Amino acid sequence: MKRFFLRLEHWTTSLSMMVACVMMALASAFGIHQIFTRFIIESPAEWTEVLIRFCLIWMIFLGIPMAFRQGAMISVDMLYRLSGQRMRRILDSVVATTSLTLCGIILWWGWDYAQRGSVQSMIGLENVSMFWAYLALPVGAVFSIIGIIGFWLDPQRMELETTI
Numbered sequence: 207m208k209r210f211f212l213r214l215e216h217w218t219t220s221l222s223m224m225v226a227c228v229m230m231a232l233a234s235a236f237g238i239h240q241i242f243t244r245f246i247i248e249s250p251a252e253w254t255e256v257l258i259r260f261c262l263i264w265m266i267f268l269g270i271p272m273a274f275r276q277g278a279m280i281s282v283d284m285l286y287r288l289s290g291q292r293m294r295r296i297l298d299s300v301v302a303t304t305s306l307t308l309c310g311i312i313l314w315w316g317w318d319y320a321q322r323g324s325v326q327s328m329i330g331l332e333n334v335s336m337f338w339a340y341l342a343l344p345v346g347a348v349f350s351i352i353g354i355i356g357f358w359l360d361p362q363r364m365e366l367e368t369t370i
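With positions in the sequence shown counted from 1, the corresponding number in my numbering is that position plus 206.
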């Protein structure tokens, strides 16, 4: 069961990271388009700013699961390094529990917010509901929950490798 869950977690985390990278590329492309239309053509496209924000929100919420999985999200390095093996497992459990609680709250209220925002439309894209922008919260929370459980089952201490 553990092996199956870790395979599922690897697949979902990889998928979320791939989509986050696509969102980053799209935000960059929309930014370049905005610069081109504003400063070269001198006729700015108002829809690009909205889509850049939309892509950045999705990028962040779909990139968070990878940070959780690599142990780079909630880092208590000093306490972890000073504690023994048993205390480390307790520390991992406390961090996982608090992170799962936070993601559960984001999932619950994010879904509520997305449903309430479905009657709104995006400025500059009047035919697109804000539901799609707000949906990033519960979707990111679901992927994060899977990543947190995966980290708890198979900790990977990669916080030092992921820092700049």
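The C-beta atom is built at its ideal place from N, Cα and C for all residues, glycine as well. Because the structure is a prediction, the values reported are computed rather than measured.
Counted as a single uninterrupted DSSP element, the alpha helix (DSSP H) harbouring Val345 occupies residues Ala342 to Leu359. Scanning its chain for C-beta atoms nearer than 6 Å, with the 5 sequence neighbours on each side dropped, one finds around Phe267 the residues Ala342 and Gly346, in chain order. Contiguous alpha helix (DSSP H) elements confined to the stretch 225-282 occur at 253-275, taking only those with 4 or more residues. Judged by DSSP in its simplified three-state form, Ser220 adopts helix.
For Ser289, no beta strand (DSSP E) run applies, since DSSP gives it neither H nor E. Per the DSSP secondary-structure output, Ser335 pairs in a beta bridge with Ser327. Take Met229, set aside five residues on each side of it, and the residues of its chain with a beta-carbon closer than 8 Å to its own are Cys261, Leu262, Trp264, Met265 and Leu268, in chain order.
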